[in-house]
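The structure appears right after this line, and notes come after that.
In the numbering used here, the protein residues as written are 56 to 137.
This is the structure we're talking about:
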């Protein structure tokens, strides 16, 4: 089963919100958070629990062109950009 995640970010922080049942729901959450002061954008991530992989859904995300999405050892996502 896929889990959809929204990771919204600012200059030096990322907040990962889990538990969405579709990419569209995660995108709606990102769009809701986007106008908040200090939020630069968001990434929608599809995570598959069977093969332990994850996929960035660019068509549902608002990211700067020079971004890098990483998963840390605590199973959280971080968005880095220059």
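Where a beta carbon is used, it is the ideal one built from N, C-alpha and C, also for glycine.
The structure presented is a predicted model; accordingly, all values stated were derived computationally and were not measured.
Residue i, DSSP secondary structure in three states
i, result
"residue 128", "coil"
"residue 73", "strand"
"residue 92", "coil"
Residues of its chain near residue i, where Cβ-Cβ distance is below 6 Å and the 5 sequence neighbours each way are ignored
i, result
"residue 136", "119, 121 and 122"
"residue 113", "none"
"residue 109", "100 and 102"
"residue 57", "101 and 103"
Proximity of residue i and residue j at Cβ, strictly below 8 Å
i, j, result
"residue 98", "residue 116", "yes"
"residue 132", "residue 72", "no"
8 Å CB neighbourhood of residue i in its chain, flanking five on each side removed
i, result
"residue 80", "59"
Close beta carbons around residue i, own chain, < 7 Å, minus the five adjacent residues each side
i, result
"residue 65", "93, 94 and 95"
"residue 61", "72, 75, 81, 84, 85, 97 and 99"
"residue 88", "63, 94 and 97"
Residue(s) in a DSSP beta bridge with residue i
i, result
"residue 83", "Residue 83 pairs with nothing; no bridge assigned."
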